[in-house]
Amino acid sequence: MKQTSKRRVIRALGALAATTALTAIAMQPVRADTPAPIEIGITASLSTIPGAAIANAAKLAIADINAKGGVNGHPLALVIEDNQTSATNAVSSFQRMVNQDHVVAVVGTWISEVALALEPWSARLHMPFLVTGAASNDISAFVHKDYAAHKYVFHAYFPSAFLAEGVCDLAHDVLADQLHMKSAVVISEDAAWTKPLDAGYAGCLPGAGLKVLKEIRFSPDTADFTPIFQQAEALNPDIIISGWAHVGVQPTVQWADQKVPVPLAGINAQAGSSAFWKATNGGTEGVITTSTSAPGVANTPLTIPFTDEYQKAYGISPAYSAYSTYDAILALATAMQAEHSTKPDAIVAGLEKTDITGTQGRITFLGQSSPYTHALRFGPGYVTGVAIQWQSGTQKCIWPANLANAKPEFPGFVKLPKLASAN
Amino acid sequence: MKNQRIIVAIVLLALAAAPWIGISDYIIGVLTMICFYGVFAMSWDLLFGYAGEVNFGPSFLIGLGAYGAGLADADLGLPLPLCVALGTLAAVLGGLLLAIPALRLRGPYFGLITLVAVLLLQDAIVIFAGTTGGEIGLSVPDILSVNATVNFYYALGLLVIAGTVLLTVANSSFGLILQAAGQDAIEAQALGFNVVKYKIAAFVLSAFFSGLAGAMLVFYLGTASVDAMVDIAVGIQVIIAAVLGGRRTIIGPVLGAAFLIGAGEILRPLGQVSGVVVAAVALGTILIFPNGFLGLLRGRHSA
Amino acid sequence: MLILQILIDGFAISALYALGALGFTLIFGVSGVLNLAHGAVLVTSAMVAWYVGTNEAAGALAGAASGIVAGVITSFVTYAVVVRPIQRSKAIPEVERELFVLTGTLLWGVMLQIGLGYIFTTTPVTVHQLVSGTVNILGVRTPTNEILIAVISWLTLGLLWLLVNRTPAGKRLLAASINPRGLTLMGVELDQVHLLAWGIYGVIAGIAGVLLGSFLGTSSAYIPALTGTAFSIVVLGGLGSVTGTVIAAYVVGYIETLTAYLISPSLRAVPALILLVLVLYFRPQGILGRR
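Residue numbers (our numbering), protein chains in the order written: chain A, 1 to 423; chain B, 424 to 726; chain C, 727 to 1017.
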């Protein structure tokens, strides 16, 4: 009895060792003898629209940079890892990119959970890490709190607080001034990124001219949104302000199905993608969301060529994270070029001096004194984002005024406050 | 006898020496994850293989350990070993909580309770996002070590200790009584064994190592997150590893974990499809060789 | 007004829950299989319905039909590739069949989930509705689609009841669920009964998947939650009991709706889960289950 069980253990251990050895052999690096390109790591969940957009935009970015001679004579190359929306996978692929592929920086992820799981690893391994789609305030707050350790992290997108400001600017210019709206109900998914967003809404919407009647938060796995819309409608607001990223299709479709007479605006991240029309069977008609840019909109001279190039290469319009990723890689290349180095600290120093024109606007990162250290600078003259509205199956830009290519229009079931009586 | 001891020693030494024979930090990282998942799967095997309890929620125990430790560190600022101890304690209490219905319910009913336990824990973490960090996860200020090799030794040490304890227990009379109780509780009771006591002990032991490993994993990854430690998908991985490696063997589940994680890494270039391939191989294995890898190695004359 | 709203809203979602869980309980009743790939079957049907339905040449009706066909195919594949080999295997001891079926269907569900995610991405989509517009029921604005969903769900439930209780084939199904050995002794091929059961399962799951996809949207990421909900409802009602499943679906549906309206939408799922724990603890066989 004892004897056999011991033998069992030994065989098992032997098998374990063999598996380990095989794993080790299978993972030995294969390196070509060509002059070393500079490797950049991409981490994204490739089965999601914003995730695929990160990888796609990165490919276009390095193609454009290599076409102009690369960085200090070296071409750029990508190592793209699918993190499958899992923090554990992301951590192991991050290690792999750093230790095995010797990347000089890692770029990507639109999911805050993944970004925050990678942040300690960026600090430990001294690996520059540019987050290009997640919105948690904590990403840059951690850099501010412990700069020496976390300085390798750059938030090349906006913290929720800035996203809220963007919506408030839209609310002021369009909803209040143009459409004479006076009151709003905020409906946000219950997620960590929406806490600061809701706080931001509560702080800035009144100043923009919209009284917040109520804040409703719902579980991200809510299936039936009827109770939520009913609650909102009962308060008779002029507009519903959304804070959605993990959800999008369901509330949008149900809003249209139930013919909720209150218009929908705010952040509806999935609505920024051209695939959203088909996903909602057109239910998104009239929905307004802020985004980084949109087809046919020229934030800068780089925007339209990029959008067209992207559309040509991949058949769909770029999601918000495509613009931010393209700009992040541009900034990274510029930093390496300027510092003549691919060493982590030199890249950090270079990125801190970033001042370039990207596809979204003028790209610079906030300094140590800001509570959002290393986040993208937000505001007029820098990056403000745009507001798009779905009109007859296409995304139109309705804000800011200098970029707008359409006036807001709503489906028949929506009741507008003064406009109806004014007409 | 002597020979066998030498082989065990050599295998363990080979693993321990892995960091010194030119293996990259990345592979050390993979081995570290294998060790953690190995402990999860072994602990699950004690409950399922021996006590006959289908626990669909190993991640309930893992998650309690992880968040117990994470909260103690991030919110209370306690020293790291104390945090790990508190996390383990939380998991043991959770194990006791699961033992109560386990003594009354059988098969799918108990399975569902464990599933619901995971969902409730997940909901609680999201609802109390203010303290737990919600779905974004909880970053902890302390970590085991910045050195991959040191982290690996922590995980390997944990694996060796857990493996020794669980194997000893499983191969003792305790394991036999547990098995008897798992197959026919009434008869075991009739034979004069206090089934309740043994079952509770099995739950406590399983929860202890699940929680301990969960707590240490937090300080390895630097974050406690629903996705990495609580999600049903984590539990599924653990169950698949155990069944694939060979249930009722304790060591088998470690092989299963090594396969799942190793194959996942090797097939990574396939992207998402790698998951389909791994699942298909696992499905094929349990269909053709129900006793798993270890059953295969041991030959056909096995239980 | 609010009460009426809750009544109407809860009715439709509960009917959908009942239909979604119905196949799960049926297949358990007849062949003792807990199919953990259930959510994957639902989503496969919904995805196919969406894909065909958005194709301009096909339209919503053709989409729904192909969704149901996809449900039947997936069901048969599940049976032929996963369940039957395990039930037939000599290497698997009798007492452990259940666990192997659970693990096997779980793995199969994972394969379907990742595969669907790879083909269609994990971004949710909505199946084209058969009807659009809203109807005013005593002052409550109700989408016509919601009414149609409730009607189809109840029609399907009724048809299943007729089939089981009023046709010879259905009686064999019933007999198989009560005493499979006796049925074999009477010379009935159990294999055929099982094939029939999986065929019916596929149709029901297909309909449920398409309706779910048109009301709540669909994505491969929803698969585990759908399996979990069906599992909970079925256990709450009593494994294998169709009436119990319907009652449990309504209990869960209304508790969730009440919670969402009266307490908070973010706590929607919690009270039903707690109820489930309590019921399992005090009445483990469920509302109408046999021990």
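In this text, a Cβ means the ideal position worked out from N, Cα and C, and glycines have one as well.
It should be emphasised that the depicted structure is a prediction, and the values quoted were computed from it without experimental measurement.
- Message: Which same chain residues end up closer than 6 Å to B:Ala-726 when comparing Cβ atoms and leaving out the 5 residues on each side of it in sequence?
- Response: Stepping through the second sequence from its first residue, residue 726 of chain B is reached at position 303. Low local confidence applies: a pLDDT of 40 at B:Ala-726 is under 50, so the model's placement there is unreliable, and no value is given.
- Query: With respect to the alpha helix (DSSP H) encompassing C:Lys-897, which residues constitute its N-terminal and C-terminal limits?
  - Reply: Position 171 of the third sequence, counting from 1, holds the residue named residue 897 of chain C. Per DSSP, C:Lys-897 belongs to the alpha helix (DSSP H) from 894–904.
- Query: Using Cβ-Cβ distances below 7 Å, what residues of the region 620–646 of chain B are close to chain A?
  - Reply: Leu-644, Gly-645 and Thr-646
- Backbone CA spacing between A:Ala-123 and C:Leu-856 [nearest angstrom]: For the purposes of this step, residue 123 of chain A is taken as the residue at position 123 of the first sequence. For the purposes of this step, residue 856 of chain C is taken as the residue at position 130 of the third sequence. The straight-line gap from Cα to Cα measures roughly 53 Å.
- Can you give the Cα-Cα distance for A:Ala-36 and A:Pro-344, rounded to whole angstroms? Start at 1 with the first residue of the first sequence, and residue 36 of chain A comes out as number 36. Start at 1 with the first residue of the first sequence, and residue 344 of chain A comes out as number 344. Rounded to the nearest angstrom, the two C-alpha atoms are 17 Å apart.
- Partners in chain A for B:Gly-517, counting only beta-carbon separations shorter than 8 Å: For the purposes of this step, residue 517 of chain B is taken as the residue at position 94 of the second sequence. By Cβ distance, chain A contributes nothing, its closest Cβ being about 21 Å from B:Gly-517, past 8 Å.
- Any chain A beta carbon closer than 8 Å to B:Met-456: One-based indexing of the second sequence puts residue 456 of chain B at position 33. Yes, its Cβ sits closer than 8 Å to a Cβ of chain A.
- Item | Interface positions of the region 163–194 of chain A facing chain B (Cβ-Cβ less than 9 Å), listed along the chain | Asp-190, Ala-191, Ala-192 and Trp-193
- Query: Would you say B:Val-549 reaches chain A, if we count a Cβ-Cβ gap shorter than 8 Å as a contact?
  - Reply: Here residue 549 of chain B refers to the residue found at position 126 when the second sequence is read from its first residue. True, the Cβ-Cβ gap to chain A drops below 8 Å.
- Could you check the C-alpha separation between B:Ala-604 and B:Asn-714 for me, to the nearest Å? On the second sequence, position 181 is the one that residue 604 of chain B refers to. On the second sequence, position 291 is the one that residue 714 of chain B refers to. So the alpha carbons of these two residues sit roughly 21 Å apart.
- Query: Whole alpha helix (DSSP H) runs in the region 349–407 of chain A with 4 or more residues, listed along the chain?
  - Reply: none
- Item | A:Trp-244, DSSP secondary structure in three states | Position 244 of the first sequence, counted from the start, is the residue given in the question as residue 244 of chain A. In this structure, A:Trp-244 counts as strand in the three-state DSSP scheme.
- Message: Could you check whether A:Lys-68 and C:Thr-780 sit closer than 8 Å to each other, using their CB atoms as the reference points?
- Response: Translated into positions along the third sequence, residue 780 of chain C becomes position 54. Translated into positions along the first sequence, residue 68 of chain A becomes position 68. Cβ distance not < 8 Å, so C:Thr-780 and A:Lys-68 don't count as in contact.
- Task: Return no unless some Cβ of chain C is closer than 8 Å to the Cβ of A:Val-114.
- Result: Here the question's residue 114 of chain A lines up with position 114 in the first sequence. With 8 Å as the cut-off, A:Val-114 does not count as an interface residue toward chain C.
- Task: Kindly say whether A:Val-91, judged by its beta-carbon, lies nearer than 8 Å to any beta-carbon of chain B.
- Result: Numbered from its first residue, the first sequence carries residue 91 of chain A at position 91. Interface residue, yes.
- Item | Neighbour-count burial assignment, A:Ala-26, 16 or more Cβ in a 10 Å radius | Numbered from its first residue, the first sequence carries residue 26 of chain A at position 26. Model confidence at A:Ala-26 stands at a pLDDT of 49, short of 50, so the residue's coordinates are unreliable and nothing is read from them.
- Note down, in chain order, all residues in the region 702–725 of chain B with a beta-carbon under 7 Å from any beta-carbon belonging to chain C. Ala-702, Ala-703, Ala-705, Leu-706, Ile-709, Leu-710 and Pro-713
- Message: Considering only their Cβ atoms, is the gap separating C:Thr-849 from A:Ile-316 smaller than 8 Å?
- Response: For the purposes of this step, residue 316 of chain A is identified with residue 316 of the first sequence, where counting begins at 1. For the purposes of this step, residue 849 of chain C is identified with residue 123 of the third sequence, where counting begins at 1. Against a cut-off of 8 Å, the Cβ pair of C:Thr-849 and A:Ile-316 comes out as no contact.
- Closest Cβ-Cβ distance between A:Arg-31 and chain B: below 8 Å? Counting from one through the first sequence, the residue named residue 31 of chain A turns up at place 31. Note that A:Arg-31 scores a pLDDT of 47, beneath 50, so its modelled location is shaky; the value from the coordinates is reported in the next line. Answer no: the Cβ-Cβ gap between A:Arg-31 and chain B never drops below 8 Å.
- Of the listed residues B:Met-465, B:Ala-547, B:Asp-448 and B:Pro-504, nearest to B:Ser-648 (C-alpha basis): By one-based count along the second sequence, residue 648 of chain B stands at place 225. Among B:Met-465, B:Ala-547, B:Asp-448 and B:Pro-504, the Cα nearest to that of B:Ser-648 belongs to B:Ala-547.
- Task: Return the CA-CA distance between C:Val-759 and B:Phe-459, expressed in angstroms with no decimal places.
- Result: If you number the third sequence from 1, residue 759 of chain C lands on position 33. If you number the second sequence from 1, residue 459 of chain B lands on position 36. Rounded to whole angstroms, C:Val-759 to B:Phe-459 spans 32 Å at the Cα level.
- Proximal residues, the region 594–612 of chain B versus chain A, C-beta separation under 9 Å: Asn-594
- List the residues of chain A that C:Val-851 touches, going by C-beta distances under 7 Å, in chain order. Here the question's residue 851 of chain C lines up with position 125 in the third sequence. Those within 7 Å of C:Val-851 in chain A are Val-249 and Ala-279.
- Limits of the unbroken alpha helix (DSSP H) element including A:His-155: In the first sequence, counting from the first residue as 1, residue 155 of chain A sits at position 155. Counting along the chain, A:His-155 falls outside any alpha helix (DSSP H), though it belongs to the beta strand (DSSP E) covering 153–155.
- State the DSSP-derived secondary structure class of B:Gly-668, mapped to helix, strand or coil. Taking the first residue of the second sequence as position 1, residue 668 of chain B is located at position 245. Reduced to three states, the DSSP call for B:Gly-668 is helix.
- Task: Name, please, each residue of chain A whose Cβ falls closer than 8 Å to the Cβ of B:Ile-566.
- Result: Here residue 566 of chain B refers to the residue found at position 143 when the second sequence is read from its first residue. Near B:Ile-566 (Cβ distances below 8 Å), the residues of chain A are Pro-120 and Arg-124.
- Inter-residue CB distance, B:Gly-488 and B:Ala-513 (contact presumed, cutoff 8 Å): Counting from 1 along the second sequence, the entry for residue 488 of chain B is found at position 65. Counting from 1 along the second sequence, the entry for residue 513 of chain B is found at position 90. Confirmed, Cβ separation roughly 6 Å.
- Item | Euclidean distance between Cα positions of A:Gln-254 and C:Gln-813 | The residue labelled residue 254 of chain A in the question sits at position 254 within the first sequence. The residue labelled residue 813 of chain C in the question sits at position 87 within the third sequence. Taking the straight line joining both Cα atoms gives about 43 Å.
- Message: Considering just the uninterrupted stretch of the alpha helix (DSSP H) at A:Glu-309, what are its terminal residues?
- Response: Position 309 of the first sequence holds residue 309 of chain A. Note, A:Glu-309: alpha helix (DSSP H), 303–314.
- Query: Beta-carbon separation of A:Ile-139 and A:Glu-119 under 8 Å?
  - Reply: Locating residue 139 of chain A in the first sequence gives position 139, counting from the first residue. Locating residue 119 of chain A in the first sequence gives position 119, counting from the first residue. Result yes, Cβ atoms of A:Ile-139 and A:Glu-119 sit closer than 8 Å.
- Query: Using a C-beta cutoff of 8 Å, does A:Met-27 count as contacting chain B?
  - Reply: As a first step, residue 27 of chain A must be located in the first sequence, where it is residue number 27. A caution first: A:Met-27 carries a pLDDT of 48, below 50, which makes its placement in the model unreliable, though a value can still be read off. With 8 Å as the cut-off, A:Met-27 counts as an interface residue toward chain B.
- Listing by chain order, which chain A residues have their CB less than 9 Å from the CB of B:Ile-663? Sequence index remark: in the second sequence, residue 663 of chain B carries index 240 (1-based). Result: empty, since nearest Cβ-Cβ is about 15 Å, beyond 9 Å.
- Starting from the C-beta of B:Cys-506, find all residues in its chain whose C-beta is less than 6 Å away, skip the five residues before and the five after it, and write them out in chain order. As a working note, residue 506 of chain B is residue 83 in the second sequence. So the qualifying residues of the chain are Ala-492, Ala-495 and Asp-496.
- Query: What number of angstroms, rounded off, separates the C-alpha of B:Leu-693 from the C-alpha of A:Gly-200?
  - Reply: For the purposes of this step, residue 693 of chain B is taken as the residue at position 270 of the second sequence. For the purposes of this step, residue 200 of chain A is taken as the residue at position 200 of the first sequence. Going by the C-alpha atoms only, they are around 42 Å apart.
- Got a sec? Which residues, its chain only, sit under 6 Å from A:Arg-217 by beta carbon, not counting five neighbours each side? Reading the first sequence from its first residue, position 217 is the one you call residue 217 of chain A. Once the five neighbours on either side are set aside, the close Cβ partners of A:Arg-217 are Ser-188 and Asp-190.
- Which value, in whole angstroms, describes the spacing of the CA atoms of A:Asn-423 and C:Pro-991? Stepping through the first sequence from its first residue, residue 423 of chain A is reached at position 423. Stepping through the third sequence from its first residue, residue 991 of chain C is reached at position 265. Residue placement at A:Asn-423 is poorly supported in this model, since its pLDDT is 41, which falls under 50; the coordinates still yield a value, given next. C-alpha separation (whole angstroms): 37 Å.
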